[in-house]
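Protein chains in written order, with my numbering: chain A, 349 to 510; chain B, 5 to 345. Built from N, CA and C at the ideal position, the CB exists for glycine as well. Remember, it's a predicted structure, so these values are computed and weren't measured experimentally.
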């Protein structure tokens, strides 16, 4: 790879092109390996594909670009605080539509920080929720019969169902 | 609640375990990276969401992690061995011992007549501001004659043993007592390894914190009221007494942690009677999450009944005394008249 390249182009699984800076791409091990293997200079035609849909890839790239400066140079505590606040805002999204896709993308791209953040967000969303709220947030279909439901209520007096 | 009937009937193929959640997420990701971050009550709620979730939430490692984090005393090899024989492992312990025992007599009239319990295991944890400061496992042989005949008294510390705490001892300050009441909690999980059941005998937060003026120490009480038997509406109280002491301004020491079971007459129950009551409570009593005020209210109600009984007994004794006195006077008068005439 030419050292003059600052940003690279990748394709999403939907076939859309996305630009990501080299420093941000380094947050992901597979992307880092790609940087070493694939020719990214202007005279190369090859554009690598990432098996992540466009909607998810936009968010993953947004996360990478935000976290890259800190990951590459280290940062002060105040920056870390600010980044934490940004993460909380960044994770405010629908669970089924996007959070789970980001989680699996982070797993596929070996991005430990984003993977941990997505898992913790999913767990935090469940804490203190009633059974029906958990179903709603995670789009879970209640497949218990009314008898099973009644039995569950008896067996879990500590749980709030409604 | 009967956790034993929460059998893992939901044998769902792992591959489609999460098909209803999202096609993007594998069930092992949910199980190993999301469910492991939940606390016990949330995991119990998640298990009720769908049959797939019930299957995912049934892993013993999940519950073992929750139990040993919440109750470090359970992280003990012999205790692990006992729990591993329970129908649902650590989940059984959590469902039995996280909520509080209810004082109402159960509708279930019969006790499982399985083999008699050979021993009871007490797994006790004390916390300051929810951080564990003391954990101990104590085994009580329930087949010895001395245990069956004498009043039940389980003492966790030897007379010379004491446990340091991160709190400084303040001899005269009401606010400090209130601070202890709000921050010094205790869990006493009683495990019956034979019948494979357990229950928490502590109110978690203290029901009373008092200075003992004569002994110059502190007495902190934790109490749970349970039904005496299946038929009557009589109660007994499991009472845990924690004695603390120390020098003013220096760290406070826990000098005694003991358990007794007393009835509304104020009488301490024998080992044999206590064993029967506690086994019935473990197997049949309903469980519920109880707030501190509610637990305190039950303790005060029990004290009220105890006071009423004592007063009634005193009145009865007084009446008997009066009748006896009058009888004696009558007899004396009768004899005097007999002598005169």
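Can residue 479/A and residue 509/A be called in contact, C-beta distance under 8 angstroms? Inclusion of residue 479/A and residue 509/A in the CB contact set at 8 angstroms is warranted, their separation being smaller than that value.
Quickly, what does DSSP pair residue 216/B with across the bridge? List them, please. Listed as beta-bridge partners of residue 216/B by DSSP are 221/B.
Please report how far the alpha carbon of residue 225/B lies from the alpha carbon of residue 316/B, in whole angstroms. Distance between the alpha carbons of residue 225/B and residue 316/B is about 26 angstroms.
Do we get a CB-CB distance below 8 angstroms when we pair residue 459/A with the residues of chain B? Closer than 8 angstroms: no.
What does residue 418/A touch in chain B if you count any residue whose Cβ is under 8 angstroms from its own? Simply none; closest approach about 23 angstroms.
Closest Cβ-Cβ distance between residue 277/B and chain A: below 8 angstroms? No - not a single Cβ of chain A is within 8 angstroms of the one on residue 277/B.
Buried or exposed for residue 200/B, going by 16 or more other Cβ atoms inside 10 Å? Burial call: buried.
Does DSSP put residue 260/B in a helix, in a strand, or in coil? In the structure shown, residue 260/B sits in a strand (DSSP, three-state: E or B).
Smallest Cα separation from residue 250/B: which of 173/B, 182/B and 188/B? The residue with the shortest Cα to Cα distance from residue 250/B is 173/B.
Residue 22/B burial status per 10 Å Cβ neighbour count (16 or more: buried): Bear in mind that a pLDDT of 45 at residue 22/B, under 50, signals an unreliable position, so the number given afterwards is only what the model happens to contain. In summary, residue 22/B is buried, with 16 or more beta-carbon neighbours lying within 10 Å of its beta-carbon over all protein chains present.
So what does DSSP say about residue 136/B, is it helix, strand or coil? Note: residue 136/B maps to strand in three-state DSSP.
Would the C-beta of residue 138/B count as close to the ligand SAM, meaning under 7 angstroms from any of its heavy atoms? Summarising the ligand content, the structure contains no ligands, and the ligand SAM is consequently not present.
Taking only runs that begin and end inside the region 139–171 of chain B, name each unbroken alpha helix (DSSP H) of 4 or more residues, in chain order. Runs found: 149–153.
Going by DSSP, what residues sit across from residue 204/B in a beta bridge? Answer is 193/B, bridged to residue 204/B.
Please confirm if the region 117–134 of chain B is in contact with the region 186–197 of chain B, defined as three or more CB-CB distances below 8 angstroms between the two stretches. Look at the beta carbons and you see the region 117–134 of chain B touching the region 186–197 of chain B: at least three pairs across the two are nearer than 8 angstroms.
When you compare each of 373/A, 442/A and 501/A to residue 484/A by their alpha carbons, which one comes out closest? Checked all of 373/A, 442/A and 501/A; the closest Cα to residue 484/A is 442/A.
Who are the Cβ neighbours of residue 410/A in its own chain at under 8 angstroms, not counting the five residues just before and after it? Counting only Cβ-Cβ distances below 8 angstroms, and skipping sequence neighbours, we find 438.
Taking the alpha-carbon positions, what's the residue 361/A to residue 299/B distance? Those two C-alpha atoms are separated by around 58 angstroms.
Compare the C-beta of residue 127/B against all C-beta atoms of chain A and say whether one is closer than 8 angstroms. Residue 127/B does not count as touching chain A.
First through last residue of the alpha helix (DSSP H) which encompasses residue 358/A: Element bounds for residue 358/A: not the alpha helix (DSSP H) but the beta strand (DSSP E), 355–359.
Where do the ends of the beta strand (DSSP E) carrying residue 249/B lie? Where residue 249/B is concerned, the enclosing beta strand (DSSP E) stretches over 239–249.
Run through chain B and tell me which residues come within less than 8 angstroms of residue 509/A, C-beta to C-beta. In chain order: 52.
Rounded to whole angstroms, what is the Cα-Cα separation between residue 532/A and residue 492/A? No information on residue 532/A is available, as it lies outside the stretch 349 to 510 that chain A covers here.
Would you call residue 154/B buried or exposed, if buried means 16 or more other Cβ atoms sit within 10 Å of its Cβ? Exposure of residue 154/B is indicated by the presence of fewer than 16 other C-beta atoms within 10 angstroms of its C-beta.
Count the CB pairs spanning the region 263–280 of chain B and the region 138–155 of chain B that are closer than 8 angstroms, and state whether there are at least three. With a cut-off of 8 angstroms, the region 138–155 of chain B and the region 263–280 of chain B count as touching, because enough Cβ pairs lie within range.
How about residue 206/B and residue 188/B: are their beta carbons less than 8 angstroms apart? Going by C-beta atoms, residue 206/B is not nearer than 8 angstroms to residue 188/B.
Looking only at its own chain, which residues have a Cβ that is under 7 angstroms from the Cβ of residue 496/A, when we skip the five neighbours before and after it? Closer than 7 angstroms at Cβ, skipping near neighbours: no residue.
8 angstroms Cβ cutoff, residue 324/B in contact with chain A: Taking CB atoms only, residue 324/B has no neighbour in chain A less than 8 angstroms away.
Along the region 164–178 of chain B, where does the CB come closer than 8 angstroms to a CB of chain A? Name the residues. Cβ contacts with chain A come from no residue of the region 164–178 of chain B.
Take the Cβ of residue 346/B as the centre, count every other Cβ of all protein chains shown within 10 Å, and call the residue buried at 16 or more, exposed below. Since the first and last residues shown for chain B are 5 and 345, residue 346/B lies out of range.
In whole angstroms, give me the CA-to-CA distance for residue 240/B and residue 284/B. Between residue 240/B and residue 284/B, the alpha-carbon positions lie close to 12 angstroms from each other.
Residue 265/B in three-state terms, based on DSSP: DSSP, read as helix, strand or coil, puts residue 265/B in strand.
Whose C-beta lies closer than 6 angstroms to the C-beta of residue 229/B among residues of the same chain, with five residues either side of it excluded? Within the same chain, residue 229/B has close Cβ partners 107, 239, 241, 302 and 306.
Could you name the residues that DSSP lists as bridge partners for residue 123/B? Residue 123/B pairs with 145/B.
Restricting to Cα atoms, I'd like to know which of 234/B, 51/B, 181/B and 38/B is closest to residue 472/A. Looking at the Cα atoms, 38/B is the closest of the given residues.
If we define contact as Cβ-Cβ less than 8 angstroms, is residue 415/A a contact residue for chain B? It does not: the Cβ of residue 415/A has no partner Cβ on chain B nearer than 8 angstroms.
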